[in-house]
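To keep things clear, I will list the structure first and then write my remarks on it.
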Amino acid sequence: MSENALTAADVQRLLEDPSAASRGEIATKVGRSLDAALNNAERGLAEQILLILARDAAIQVRAALARSVERSAHVPRDVAFALARDVEQVSLPLLRFSQSLTEEDLLTLVANTTDEGRLAMAGRSTVSSRLSARLVELGNEATVVRLMANDGAEMEADAHSHALDRFGSKPTVPDAMAARRSLSPAVAERLVQLVSDAVRTHLVEHHAMSPDVAAELVLEIRDRALKNMIGDQVESATAVATRLQKGGTLTAPLILRALCLGDAAFFEASLAVLSGIPLMNAQKLLYEGGKPGFTGLYDRSGLAAEQLPLFQAAFEVARETDFEGEEDAFEQRRRRVIERVLTAHEGDDAPAAADWLIAKLEALKAPAHGV
-4 MSENALTAAD VQRLLEDPSA ASRGEIATKV GRSLDAALNN AERGLAEQIL
46 LILARDAAIQ VRAALARSVE RSAHVPRDVA FALARDVEQV SLPLLRFSQS
96 LTEEDLLTLV ANTTDEGRLA MAGRSTVSSR LSARLVELGN EATVVRLMAN
146 DGAEMEADAH SHALDRFGSK PTVPDAMAAR RSLSPAVAER LVQLVSDAVR
196 THLVEHHAMS PDVAAELVLE IRDRALKNMI GDQVESATAV ATRLQKGGTL
246 TAPLILRALC LGDAAFFEAS LAVLSGIPLM NAQKLLYEGG KPGFTGLYDR
296 SGLAAEQLPL FQAAFEVARE TDFEGEEDAF EQRRRRVIER VLTAHEGDDA
346 PAAADWLIAK LEALKAPAHG V
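Numbering (our numbering), first residue to last: -4 to 366.
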């Protein structure tokens, strides 16, 4: 017999000793004995005592029992459910850890427990999508943040959207959601309007979204960094280009858009990363190599050959103009790039990339002052 196994003497002590402390000791012992190698008689005796202790009038006894059985795989379901419906001091360990509770039990409990109880449930090692949806519906901000941070919580796009409906105006829930391993493109694209630039960059790197949205997002971040002079812009551009290349989102439309916003540093870094050469080498080819240097670097980058004139025109404009000075400088840049693009394809049908660039330029809004 295991040294932790309960005996008839324990039962007699439980029935005769009025001390709550004594009953608490028995509760701890019975809980620890459940996962031991008990024979049928011993296990039957342990379960009988469990039923008695779960109804004990003293909270400290029920709490001692709950702590001792919170992780046990052998707690009878009815005992686990009774403890999980108790006061917080008793229920929280079961709500957080018990594997004896079924999904239906948890769905019943989530509507009848406290905020602290739902917070405990949000941290369970596994949370079904149905339970996640109910926690999002009924839980407070802290509960939803913990749920989002829980890799073991399954969650459908509707639950993500509902969480943003409820808590999107605060940074905690969107930031926690952005760190999840999987998000639908629609949710990721909604999140970009609610989070910081650092979190936005994470979203682009780790979650699927449309190329247009990714381009808008990354280049908006770059544009703000350039205007506010945040950090070393060349190093920042290289770091961003490298991460995007690893994530497969360093695309021709994104790079073209950067040039049209005047971000030559990002263009330099992008071609260096795509070509697999040091940034200084790429800059030398672009600024000292003339047309052969530009063409050679562009060809090595793997960007489409038919789009070369577009990049050349946009690069020239980026070098010649900036966003400082006149109030209508942005409009001047936009018109000039369109003119260069059209001139480069005069007499020919502009390729799809040119159509895309012109459409995006015409849809752009001038940057807000002081951003």
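C-beta: ideal position from N, C-alpha, C; glycine also.
Own chain residues within Cβ distance below 7 Å of residue i, not counting five before or after
i           : result
residue 46  : 74
residue 7   : none
residue 137 : 114
residue 288 : 280 and 281
For residue i, the three-state DSSP class (helix, strand or coil)
i           : result
residue 418 : In the structure displayed, the chain extends from -4 to 366; residue 418 sits before or after that span and is not available.
residue 122 : strand
residue 313 : helix
residue 181 : helix
residue 272 : coil
residue 297 : coil
residue 327 : helix
residue 332 : helix
residue 369 : Not covered by the structure: residue 369. The range shown for the chain is -4 to 366.
residue 366 : In this predicted model, residue 366 has a pLDDT of only 33, less than 50, meaning its place in the structure is not dependable enough to derive any value.
residue 291 : helix
Residue i versus residue j - alpha carbon distance
i           : j           : result
residue 22  : residue 84  : 15 Å
residue 244 : residue 112 : 42 Å
residue 148 : residue 271 : 40 Å
residue 97  : residue 35  : 24 Å
residue 150 : residue 140 : 13 Å
residue 94  : residue 233 : 48 Å
residue 103 : residue 72  : 14 Å
residue 332 : residue 186 : 31 Å
residue 306 : residue 236 : 17 Å
residue 327 : residue 260 : 20 Å
residue 249 : residue 204 : 13 Å
residue 254 : residue 190 : 25 Å
residue 404 : residue 252 : Because the chain is modelled from -4 through 366, residue 404 falls outside the range shown and cannot be assessed.
Nearest-angstrom beta carbon gap, residue j and residue i [assumed within contact, 8 Å]
i           : j           : result
residue 86  : residue 27  : About 20 Å separates the two Cβ atoms, so there is no contact after all.
residue 157 : residue 173 : Incorrect: roughly 16 Å between the Cβ atoms, too far for contact.
Sequence-distant residues of the same chain with beta carbon closer than 8 Å to residue i, five excluded per side
i           : result
residue 154 : 124, 127, 128 and 131
residue 276 : 267
residue 338 : 308
Contacts around residue i, its chain only, beta-carbon distance under 6 Å, and the 5 residues preceding and following it disregarded
i           : result
residue 178 : 202
residue 16  : none
residue 134 : 113
residue 88  : 61, 62 and 65
residue 229 : The predicted model places residue 229 with a pLDDT of 48, which falls under 50 and marks its position as unreliable; any figure quoted below should be read in that light. 260.
residue 58  : 84 and 85
residue 144 : 171
residue 70  : 64 and 95
Closer than 7 Å: residue i CB and nearest the ligand ADP heavy atom
i          : result
residue 69 : Looking for the ligand ADP in the displayed structure turns up nothing, as the structure carries no ligands at all.
- Entirely enclosed alpha helix (DSSP H) segments - the region 110 to 174, minimum 4 residues: 110 to 117, 124 to 133, 136 to 143, 152 to 162 and 167 to 173
- Query: Which runs of the alpha helix (DSSP H), 4 residues or longer, sit entirely within the region 47 to 89?
  - Reply: 54 to 64 and 72 to 79
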